[in-house]
Each structure stands twice: as structure tokens, then as C-alpha cells.
Amino acid sequence: MQRRFKSTIVAVLAGAALAFWHSRTVDAQGVPVLIDTALPSGNLEQEYRYTLRVVGGTAPYTWSVVGGSLPNGLTLDSNSGQLVGTPNTTNINNTFTIQAADSAGLTATRTFTFAVAGRGYRLEPAVGNLTVLQGRTASLPLQVVGEAPQITASIGFNLLTAPPAGVVAAFEPPQVASAGGPVNFVVAAEATAAPGTYPLNISAVSPPYQQSATINLIVQPPPPEITGFSPPGGLPGTAVTVRGTRLSGTTVLTIGGQRANFTVLSATQLSAVVPNGAATGRIVAATPTGNATSAADFVVPTFKLTVNPAVVAVRPGQEALFAVGITGRLDNLVDLDLGGLPDDWNAQYTPDFLDAQNLRSQLKVQVPADANLGDYALSAAAGVVRASATVRVVGIAPRLSRLTPVRGRAGTVITLFGQNFQPGVRLQIGSADLTVLSVSDTQVQARIPLGVPTGRIRLLNPDGQQASTSTVFVVEGAFNQSGEP
């Protein structure tokens, strides 16, 4: 079938090219030429209507019969070149000559043999229009109906009008038995085919009989498409990325029927924000060439997820406990999920779902004994709803045992003794930082800066744990409120 389809396409395109070359030659010569080489046959007592065509010369044209005679019941309109009427006598050998004269007196003639079948067949398209999208294919069912006892040969199909550039056409099958039957008119449009409406004349031929029908081939650009979006759902205010094709012309975007603010990032991507009042539903992008609708619903939940506390500080090897719950209305059971933590950490919900009877769950996170100190963000999820919290892994709390000296001027170097001091430790008097000179696990040296007040010295480890001296460091030579020493 593929080979036959390609052969028919080649024949159609070759005929179109020949017709184009011929018309350009005629135009250059300025001589009118009748381009119809055969006429569709007629059926007894059935209305017949066909318009002859001429190219070249100078309009208007005058049409006449200059040889033989038309079949009984048919007339030729001298102004339009239309054959019209109802044949009332069967004959397969009606021969006559038609002349078209242009306004300059130049003429073109052609002799036709016209067949009138006693009980003829008809070519009937399923509909009058065939729409094909750029870059795609489409087909239109045709049907040969009626009876024609005179016909014994098979009926073949031809395209009498060349399709537009970028469109190829074929018939499947290319012929049917004399009794008639169904056939598909198949067209394929390249992505570059020009949009528009193109009348096409199709014929069904079993010599000397021929029936024709005219359809409109409509070439259109394909509509936009939404191929996906992320996240799969969220509350109003959630940022959504919409992916698809031909989205650059989007004028309106709705989520669950509610208009949303959006930005066109490219022909394949939009960014949007879930609007207030949005409900679960499809995402629809409206463009001048059509609407694109997502295949799945964007889920707008009726509740928010909470995780408390927002930060839990634990040492390596300990457990962090969080309370997970919802605010709002929960209509269906939702499974709880967790992300963000390292793969080798163990975490467990109890229970591992929420529903109308179970609105709370406990999340237990086991911190490995060899975990590095620092903050670890987790993401709790109930369906498409998410909430975040932090596990803060801290070391053993620092302990201070001694401060020396306990008084001095700006520039004095002090030493703090104790345990569990971490690299990156800070020392402060009030809100003023001291200049740290050296740090070990049990000792910190720092210099008193200019302008600090008398007070206790506070030590802050990078993991957030802290300790203060029981002794007040006296800053000698400090200025009082009047500015005098």
C-alpha cells in the first residue's frame, strides 16, 4: 500500500507541475486554451452541472458549441461556460466541439465525447470539507453509489485539480469493482504547507463514463498542545510550569476553570501561578489557533500541611521528632511521603497516612551516628501538598571552665578554657564580636576590640549551641555615657 500511495503522489505532483508549466506557457503566448480534456458523464434523469475552464487570452470569454450537438436536456451558458441540465436520452457517444473566444477574438476549441448512462453511478464524499493540519495526514471517505448495467470495467479514481504546494494526495484503494464501493481520499500536509481553503475536483472513471465531485481541502496549523505540567498540584499561590507545543500565542490560561496569571517563556513552556479560588481541574491554554487542554487534572487541595517544630536540634545518633498534621478539610485518604534527607537516614511516619479520622501523624527521623554537623532540610508531603522542616545536627554542648584574664583594656588577649569548642566558634560581649585568634577543642584565644562594654563573654559554636562565662570581664578604660574615661 505504501508503494502504491507514493506512486499516486508522484503522478499527482507530476500532473500539477505539467499544468503549471503549461499555464505559464499559455500566458506568455496570450492564447486561450481549454484545460478540460474530458467531461464527467451524466446519468439519465439526473441533474448535471459542470463548468468548463480556460486559461490564457483576455477575459471576458464567450462560449459556444461549434460542432456536433449537446445531449438532449443539456445547455451551454455562453457567458460562464457552464454545462447544465438533465439528460433525458441515454447515449455513450454524444460528440460535440466547444469553443471559447476571448475579447480579442482569439479562440480555443476542444471536442468532447459525452456519455449518458441509463442508470448511472454517482461519486459521493461523506462530507464536503476535508481538514488537514500542517505536518499531519487526514482522510475523507468516498462512496460510489447507484447502478450502471452498462459498466463492466473497474472504477478508478483521479484528482483533477492539483493540490496546494506541500500537500500530497492519493486514493486507497486506487480503484474499485464495477459494482462500486468505499474508497478513502488520503492527504498528507507538510509542516510548511500554506494554510487556506483549496477546492479539489475528484473523479471516478470507468470509460467512457466519468463522475466527479468537488470538495474543499482546508489546511490549518495544528492547535497548541499541553504535554505536561509540574508540580502535579498545589494551593493558590503555587508556581506551576506548563509544558507543551505552540504555546507562544497563549492569551488566556485557566486552572480548574479559573483564570491564572502567566508568563510565556517560550513556544514550549509557560509559567503560571495558581489563582485564588482555583479548584481541581484541567489546565487550558487559549490561543488564536485553538485551545490546548491538559490530559490530567491539576489538583488543588482543600487543606494545608503543617510540620512542627520547624527546627529540631539533635546530636548524631539521636532521633528527631516532628508532629505532622493538616489545617482545613480532608475529604480523602492521602499517603504521607518524605524527601530531602540523605538516603542512609531512616525516617518513619506513625501512621503513614492522613484521613478524616486521622488528622495527625508523628514523624521520627533517626540521625546516623556518623552524620556531619549542620542543617538538613526535609520535605513532608501529603498528596500534592508539601511542608518543610529542618533537622539540625549539633555536637555536644560547649562547657566553659575558666576565663583569664578577667579584666583589661581594648587589645587585651583573653583565653577561654573548657570543652567541645568547634572550629568557627564566635565570642561576643553583648552584641559585639571579639577577634578570635585560635581555636582548639578545649581552648579559645581572642582579642578585646575597641569600644566594647563590660560584660559576660558568650561562646557560640557553629551548630548554634552556646555557653556564657559566669565571670564578668571588666573592660578597663571604657567610656561612660558622658564620653569621659
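Using mature numbering (1 follows the signal peptide of the UniProt record, and there is no 0), the letters of the sequence shown map in sequence onto residues -28 to -1, 1 to 457.
The C-beta atom is built at its ideal place from N, Cα and C for all residues, glycine as well.
- The straight-line gap separating the alpha-carbon atoms of T222 and T213 is approximately 14 Å.
- In the displayed model, I127 falls within a strand according to three-state DSSP.
- Under DSSP, the beta-bridge partners assigned to F325 are D307.
- Within the same chain, Cβ atoms closer than 7 Å to the Cβ of P145 are found at V155, the five residues on either side in sequence being excluded.
- In the three-state scheme derived from DSSP, where H, G and I count as helix and E and B as strand, Q147 is classed as strand.
- Our two residues, P203 and Q320, have alpha carbons roughly 24 Å apart in a direct line.
- Per DSSP, the continuous beta strand (DSSP E) segment holding Y170 begins and ends at 168 to 178.
- DSSP places S442 within a strand segment (E or B) once states are collapsed to three.
- In the structure shown, A268 falls within a strand segment according to DSSP collapsed to helix, strand and coil.
- Contact between the stretch 352 to 371 and the stretch 284 to 293 is established, with three or more Cβ pairs separated by less than 8 Å.
- Taken through DSSP and simplified to helix, strand or coil, Q18 comes out as coil.
- R358 sits buried, since 16 or more C-beta atoms from the chains shown fall within 10 Å of its C-beta.
- The DSSP-derived three-state label of Y348 is strand.
- The criterion of a C-beta distance shorter than 8 Å is not satisfied by P59 and V37.
- Counting other Cβ atoms within 10 Å of its Cβ, L409 stays below 16 and is therefore classed as exposed.
- The three-state secondary structure of F393, taken from DSSP, is coil.
- Just so you know, the alpha carbons of G216 and F143 end up roughly 34 Å apart.
- Cβ atoms of T426 and V447 come within 8 Å of each other, at about 5 Å.
- Residue A137 holds the alpha-carbon nearest to the alpha-carbon of G107 among N130, A137, F84.
- With fewer than 16 other CB atoms across the displayed protein chains lying within 10 angstroms of its CB, N65 is exposed.
- I198 sits in a strand when the DSSP states are folded into three classes.
- Within the stretch 201 to 241, not a single complete alpha helix (DSSP H) segment reaches 4 residues in length.
- For T278, the enclosing beta strand (DSSP E) covers residues 275 to 280.
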